[in-house]
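J.:
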Amino acid sequence: MKNLEYVIVGAGPVGLVFSLLLAKQNQHSHLLESRRKNDSHSDKRALALSYGTKLILENLGIWESLKNKVSEIKDIHTSQKNSFGRTLLSASQYNLPALGYVVSYGDLSKALEEAVNQSSNIKITYEFEVSAIKNEKGRPTLYGGNEDFSIKTPLLVLADGGKNSTELIKGLKKKETSYNHTALVTKVTPEIPPNKIAYERFTSMGPIALLPNGLKEFSLVWTGKDEDIQELAKKSKKLFLEK
Numbered sequence: 090m091k092n093l094e095y096v097i098v099g100a101g102p103v104g105l106v107f108s109l110l111l112a113k114q115n116q117h118s119h120l121l122e123s124r125r126k127n128d129s130h131s132d133k134r135a136l137a138l139s140y141g142t143k144l145i146l147e148n149l150g151i152w153e154s155l156k157n158k159v160s161e162i163k164d165i166h167t168s169q170k171n172s173f174g175r176t177l178l179s180a181s182q183y184n185l186p187a188l189g190y191v192v193s194y195g196d197l198s199k200a201l202e203e204a205v206n207q208s209s210n211i212k213i214t215y216e217f218e219v220s221a222i223k224n225e226k227g228r229p230t231l232y233g234g235n236e237d238f239s240i241k242t243p244l245l246v247l248a249d250g251g252k253n254s255t256e257l258i259k260g261l262k263k264k265e266t267s268y269n270h271t272a273l274v275t276k277v278t279p280e281i282p283p284n285k286i287a288y289e290r291f292t293s294m295g296p297i298a299l300l301p302n303g304l305k306e307f308s309l310v311w312t313g314k315d316e317d318i319q320e321l322a323k324k325s326k327k328l329f330l331e332k
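So in this note's numbering, spot 177 of the sequence shown is number 266, and the numbers just go up one at a time.
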């Protein structure tokens, strides 16, 4: 049996940031992650970070190692297909250096994990699968494997991205609602460079977001009904671009 102050299930960006914020308050925490060490570092998915998130990362001393790997969003252009008018938001209107930033999941995770590894207040265990969560003498107790390993803690934080951990807590019910929508995510290279502009386009099929990702590419997020997105994903590059 191990007794630790805080246990955090999930060592993604949320769990990692939370553990670092605790460490700044001289609080000890133990991160439990189901993936193997460094598995997330090759994840190229684009994340859009708000200006407020940037301030948190600066406070943790993370931003310096990330600033050359992020793409700034200086302006956001919003429009609707087959409609007149547009909305343009600019960072300069709010006296901000940028409205947001785009970074890959892998780059953010790597920077955060490096900071965690340098902290004496944080322990991280990889390839840990939670098998049970019980209330023992008023404290959450978490079991792994075949319940031959346990951790008792006064505070348990579930930050595993909506996996099945909540289903392991007796009396806690998870309610899921399907909106029957899917998001298609890919990269596109425009004829004109992104120039730090993000686009949001509303269409009858669903909203489209274009996020500047580097000097020459956009990350595209196209949301729509499941069947529409499935058909879209089957199209050739030529037919896809015509849409």
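For every residue, glycine included, the Cβ atom is placed at its ideal position computed from N, Cα and C.
Less than 8 Å between the CB atoms is what I'm expecting for residue 188 and residue 140, so what's the real figure, rounded?
T.: Sure, about 6 Å apart at Cβ, within 8 Å.
J.: Could you give the uninterrupted runs of the beta strand (DSSP E) lying entirely in the segment 228–304, keeping only those of 3 residues or more?
T.: DSSP runs (the beta strand (DSSP E)) wholly in the segment 228–304: 228–233, 238–241, 244–247, 270–277, 286–291, 297–302.
J.: Along the alpha helix (DSSP H) that carries residue 307, what are the first and last residues, could you check?
T.: Careful: residue 307 lies outside any alpha helix (DSSP H), inside the beta strand (DSSP E) at 306–314.
J.: Counting only the same chain and skipping the five closest in sequence on each side, list residues whose C-beta sits under 7 Å from that of residue 107.
T.: Closer than 7 Å at the Cβ level, and outside the excluded window around residue 107, lie 97, 246, 248.
J.: Would you please state the rounded distance, in angstroms, between the beta carbons of residue 290 and residue 296? I believe it to be under 8 Å.
T.: Sure, about 7 Å apart at Cβ, within 8 Å.
J.: Quick one: is residue 229 near chain D, going by C-beta distance under 7 Å?
T.: Considering every chain present, this structure includes no chain D. It has just one protein chain.
J.: Please name the residue, chosen from 271, 131, 316, 272, that lies closest to residue 200 on a Cα-to-Cα basis.
T.: Closest by alpha carbon: 131.
J.: Beta-carbon within less than 6 Å of residue 302's beta-carbon, same chain only, minus the 5 sequence neighbours each way: which residues are those?
T.: Here the set comprises 135, 160, 191, 308.
J.: Would you mind reading off the limits of the beta strand (DSSP E) that contains residue 213?
T.: Residue 213 -> beta strand (DSSP E) spans 211–214.
J.: List the whole-angstrom C-beta distance separating residue 298 from residue 310, where the pair is believed to meet the contact cut-off of C-beta under 8 Å.
T.: 4 Å between Cβ atoms; contact.
J.: Look up residue 120 in the DSSP assignment and say whether it is helix, strand or coil.
T.: In the structure shown, residue 120 sits in a strand (DSSP, three-state: E or B).
J.: Nearest to residue 305 by CA position, among 277, 315, 158, 154, is which residue?
T.: When each option's Cα is compared against that of residue 305, the closest is 277.
J.: How would you call residue 92, buried or exposed, if buried means at least 16 neighbouring beta carbons within 10 angstroms?
T.: Here residue 92 scores only 46 on pLDDT, less than 50, and its place in the model should not be relied on; the value that follows carries that caveat. When all chains shown are included, residue 92 counts as exposed.
J.: By the three-class DSSP mapping on this structure, what secondary structure does residue 327 have?
T.: Residue 327 falls in the helix class under three-state DSSP.
J.: In three-state DSSP terms, what is residue 164?
T.: DSSP places residue 164 in strand when its eight states are reduced to three.
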